[in-house]
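Colleague: Structure incoming, see below.
Protein chains: 2
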Amino acid sequence: MPTGKGQIGPELQRLIDLLAKLPGLGPRSAKRAALYLLKKREPVMRPLAYALAEAADKVAACSTCGNWDSIDPCAICADAERDGSVICVVQDVGDLWALERAGAHRGLYHVLGGLLSPLDGVGPDDLNIGRLVERARAESVKEVVLALPATVDGQSTAHYLSEHLAGCAVALTRLSQGVPVGGELDYLDEGTLAAAMKTRRPA
Amino acid sequence: MPTGKGQIGPELQRLIDLLAKLPGLGPRSAKRAALYLLKKREPVMRPLAYALAEAADKVAACSTCGNWDSIDPCAICADAERDGSVICVVQDVGDLWALERAGAHRGLYHVLGGLLSPLDGVGPDDLNIGRLVERARAESVKEVVLALPATVDGQSTAHYLSEHLAGCAVALTRLSQGVPVGGELDYLDEGTLAAAMKTRRPA
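Protein chains in written order, with numbering that gives the first Met the number 0: chain A, 0 to 202; chain B, 0 to 202.
Structural data, given as structure tokens:
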């Protein structure tokens with residue numbers, strides 16, 4: 000009985016095992032989280048169960064940009080005050096949130112849903128690229144900003160996109176200074192993200 | 000819009016806010032957890048919603064020992080192979096799990112549900128003490144081990160319990176070497192916990 004598993008009821012063990020899958024929680028912190036939740040059943044545990052089920056049902060990718068929202072088009076695409084002439088291309092929704100948190104971009108977004116990665120078997124058809132080319136062909140779009148990570152996959156994806164967007168009448172730019180080599184956008188401080196957006200340069 | 004809240008849909012924002020309440024997760028890691036869950040809707044997100052609701056419904060305190068389980072008496076109290084003559088008193092279920100993980104105790108438990116703490120307004124009536132005295136009066140019980148943290152509240156609770164159990168015909172012991180002063184049981188390594196249980200001494 001060194002794992003202690005036998006003495007935790009199956010419902011509780013199942014909850015702990017699922018909590019332990021969350022990024023940032025391990026087996027021990029999952030137990031602490033389960034104890035916390037059981038102590039806060041009405042204020043936190045039941046609302047969290049409901050919020051998970053509701054988000055799983057309602058939150059879907061925006062058919063225009065790929066952002067996750069419960070409305071389609073998403074709140075950003077539907078926002079008439081945003082600058083529809085600039086589309087910022089990001090790897091995933093976490094990076095979109097990072098740019099929004101920094102207040103670095105007042106235009107629209109396009110979420111690729113990943114990066115090209117031959118080693119992981121991710122090709123152009125696995126990403127939301129066709130819709131991006133379609134959007135970039137619209138007359139209203141003047142600029143596409145490639146806000147992709149400064150990793151090998153990020154840069155080869157940027158290269159692929161710049162080739163496929165060459166036929167569109169848009170200025171292609173990418174984030175410039177401030178993005179550390181090998182770094183992920185989501186971990187950057189807001190000043191760096193804002194500076195990188197301000198000094199973007201032709202792709 | 001520096002918080003970026005306005006651009007995350009209400010269902011998603013509610014989910015992130017609730018996840019951020021979990022111990023070990025902050026606002027940023029809650030966002031990462033939400034993104035992870037949305038990517039794993041069927042394998043993790045829906046099962047987690049179900050497990051939370053099920054545990055909130057079914058898991059309750061054992062009417063004998065106070066351990067959390069979906070059956071009453073709990074699996075430990077109902078286990079005929081455990082030594083019913085020794086009752087180990089712990090602060091909460093997390094400490095019970097820590098002792099079980101260490102395989103340090105083959106008897107039964109008693110979960111107080113907290114520690115006496117005049118500063119926080121926690122008195123004897125707020126803890127599961129009456130039931131402990133009742134259990135300790137049973138002829139089959141030979142020993143009560145006070146496995147309480149080596150903090151001021153833990154030690155004053157141990158003192159209070161040893162006074163109230165003085166009338167019962169049980170040997171009163173407490174964990175000995177290995178428990179660091181000011182330390183919480185749940186954070187100890189298993190070898191230390193096992194050693195402390197082995198060298199327990201009269202209270």
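From the three backbone atoms N, C-alpha and C, an ideal C-beta is built for every residue, glycine too.
With DSSP run on the structure shown, which of helix, strand or coil describes A/Thr172?
Modeller: strand
Colleague: Where A/Ala48 and B/Lys38 are concerned, what is the direct C-alpha to C-alpha distance, given to the nearest angstrom?
Modeller: 17 Å
Colleague: Any beta-carbon of chain A closer than 8 Å to the one on B/Glu53?
Modeller: Taking a beta-carbon distance threshold of 8 Å, B/Glu53 counts as an interface residue toward chain A.
Colleague: Under 8 Å Cβ-Cβ, which residues of chain A neighbour B/Arg93?
Modeller: Note that residue 93 of chain B corresponds to Gly in the displayed sequence, not to Arg. Simply Lys30, Arg31, Leu34.
Colleague: Exposed or buried, which one is A/Glu10 when buried takes at least 16 other CB atoms within 10 Å?
Modeller: buried
Colleague: Return the residue from the list B/Thr198, B/Cys73, B/Tyr35, B/Gly106 that minimises the CA-CA distance to B/Val140.
Modeller: Answer by Cα proximity: B/Gly106.
Colleague: Mind checking the region 181-200 of chain A against chain B and listing, in chain order, the residues whose C-beta falls within less than 7 Å of any C-beta there?
Modeller: none
Colleague: Using 10 angstroms around the beta-carbon of A/Thr204, count the other beta-carbons present and answer buried if the total reaches 16, otherwise exposed.
Modeller: Since the first residue shown for chain A is 0 and the last is 202, residue 204 of chain A is missing from the structure and cannot be characterised.
Colleague: Quick one: what's B/Asp125 bridged to in DSSP?
Modeller: Bridge partners of B/Asp125: none, in fact.
Colleague: Against B/Val58, what residues of chain A qualify as contacts under a CB-to-CB distance less than 8 Å, listed in chain order?
Modeller: Per Cβ cutoff of 8 Å: Gly8, Glu10, Leu11, Leu37.
Colleague: Using a C-beta to C-beta distance shorter than 8 Å, which residues of chain C count as neighbours of B/Arg40?
Modeller: Judged by its chain identifiers, the structure shown contains no chain C, and its protein chains are A and B.
Colleague: Exposed or buried, B/Leu118, counting other C-beta atoms within 10 Å across all chains shown (16 or more means buried)?
Modeller: exposed
Colleague: Suppose contacts are defined by Cβ-Cβ distances below 8 Å. Is B/Glu142 in contact with B/Ala97 by that definition?
Modeller: no
Colleague: For A/Gly106, which residues in chain B fall below 8 Å Cβ to Cβ?
Modeller: Ordered by position in chain B, no residue passes the 8 Å Cβ test against A/Gly106, which lies about 13 Å from the chain.
Colleague: Does DSSP put B/Ser116 in a helix, a strand or coil?
Modeller: strand
Colleague: Please report the straight-line C-alpha distance between B/Arg40 and A/Trp67, rounded to a whole angstrom.
Modeller: 13 Å
Colleague: Is A/Gln90 close to chain B? Criterion is C-beta to C-beta, closer than 8 Å.
Modeller: no
Colleague: Could you please give the first and the last residue of the uninterrupted alpha helix (DSSP H) stretch that includes A/Leu149?
Modeller: The identity of residue 149 of chain A in the sequence shown is Ala, whereas the question assumes Leu. A/Ala149 -> no alpha helix (DSSP H), and no H or E assigned at all.
Colleague: Consult DSSP for A/Pro22 and reduce its assignment to one of helix, strand or coil.
Modeller: coil
Colleague: Might you give, ordered along the chain, the residues of its own chain that have their beta carbon closer than 8 Å to the beta carbon of A/Val43, omitting 5 neighbours on each side?
Modeller: Tyr35, Leu36
Colleague: So does the region 182-193 of chain A actually touch the region 146-160 of chain A, counting three or more Cβ pairs closer than 8 Å?
Modeller: yes
Colleague: First and last residue of the beta strand (DSSP E) that includes A/Leu164?
Modeller: Element bounds for A/Leu164: n/a, residue is neither H nor E.
Colleague: Can you say whether B/Thr198 is buried or exposed, counting buried as having 16 or more other CB atoms within 10 angstroms of its CB?
Modeller: exposed
Colleague: For a contact meaning CB atoms closer than 9 Å, what does A/Ser69 contact in chain B?
Modeller: Gly8, Pro9, Glu10, Leu11
Colleague: Can you round the beta-carbon distance between A/Ala33 and A/Leu18 to whole angstroms, since I take them to be within the 8 Å contact cut?
Modeller: About 6 Å separates the two Cβ atoms, so the contact holds.
Colleague: According to DSSP, simplified to helix, strand and coil, what is B/Ile70?
Modeller: In the displayed model, B/Ile70 falls within coil according to three-state DSSP, outside both helix and strand.
Colleague: Buried or exposed for B/Ala195, going by 16 or more other Cβ atoms inside 10 Å?
Modeller: buried
Colleague: Starting from B/Pro46, find everything on chain A with Cβ-Cβ shorter than 9 Å and list it in chain order.
Modeller: Arg13, Leu17
Colleague: Buried or exposed, going by whether 16 or more other CB atoms sit within 10 Å of the CB of A/Arg218?
Modeller: In the structure as shown, chain A begins at 0 and stops at 202. Residue 218 of chain A is therefore absent and cannot be evaluated.
Colleague: Let me see if you follow: with CB-CB separation under 8 Å, is A/Pro22 close to chain B or not?
Modeller: Yes, because at least one Cβ of chain B sits closer than 8 Å to the Cβ of A/Pro22.
Colleague: Could you list which residues in chain B have their beta carbon closer than 9 Å to that of A/Val110, in chain order?
Modeller: Result: empty, since nearest Cβ-Cβ is about 11 Å, beyond 9 Å.
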